[in-house]
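Asker: For the sequence shown, the numbering used here gives the first residue as 886, with consecutive numbering after it.
C-beta atoms are modelled at their ideal positions from N, C-alpha and C, and glycine is treated no differently.
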Amino acid sequence: MPARRFNSDFYLGLGGIIAGCVILFVWIPLDVDTGLVEKVRGQIKIGDAMAPTLAAGFLILGGLLTMFQSFRFQGRINFNLNWTGMKFLALTLILLAISLAIMRWAGPFSAQFFAADYRSLRATIPWKYTGFFLGGGFMIFSLISLMEKQMRWRIFILSILAVAAIMLIYDLPFENLLLPPNGDI
886 MPARRFNSDF
896 YLGLGGIIAG
906 CVILFVWIPL
916 DVDTGLVEKV
926 RGQIKIGDAM
936 APTLAAGFLI
946 LGGLLTMFQS
956 FRFQGRINFN
966 LNWTGMKFLA
976 LTLILLAISL
986 AIMRWAGPFS
996 AQFFAADYRS
1006 LRATIPWKYT
1016 GFFLGGGFMI
1026 FSLISLMEKQ
1036 MRWRIFILSI
1046 LAVAAIMLIY
1056 DLPFENLLLP
1066 PNGDI
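1. Give the straight-line distance between the Cα atoms of P914 and Q1035, rounded to the nearest whole angstrom.
2. Give the straight-line distance between the Cα atoms of T1009 and A991, rounded to the nearest whole angstrom.
3. Under a three-way DSSP split, which group does Q997 fall into?
4. In the DSSP assignment, find the unbroken beta strand (DSSP E) run with I929 in it and report its ends.
5. Do the CB positions of W1012 and A986 come within less than 8 Å of each other?
6. Assuming L897 and T951 make a contact with CB atoms under 8 Å, what is their CB distance in whole Å?
7. Mind checking whether S1027 and L1057 have CB atoms under 8 Å apart?
8. Tell me the DSSP bridge mates of K924?
Set out below in structure tokens:
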């Protein structure tokens, strides 16, 4: 029986699993002071470890899925990055940068029209959702459209629903949470 050859997807998945485990078992314990959830003065708040723990979990899950998917395609190892791959990578980075810029500046920009200081509004509705909703929605819509090589209404609606679900999951259970980037503004 010939030896099994692993393709680049296998190694990509393995890299994701290793990165997730390093974050989960090395970086978080050494760098983060609080747990996942903490109780302060009778209120439950998200701890500093919640976001990196979720990110590490998704990285490990994505790595596992990528590794298992690689077994379906028994090709040769191919690490070549051609011109098409470089253009795709550059476009992805540009779309991510635009999304993060929208997320960062949409709230303060929109507050200017109401002659208000954004810092004092950042924890109130709709201001606390503005940047996250617009930037996150653009990020999901643009990246899915890039992957499918077309823009559709279905993708737009999916983007809105996905961002709304993320906002609800993070914001509803915790009264004092500021969605990104409002905590830094």
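Answerer: Judging by the given coordinates:
1. 43 Å
2. 15 Å
3. helix
4. Q928 to I931
5. no
6. 6 Å
7. no
8. I929
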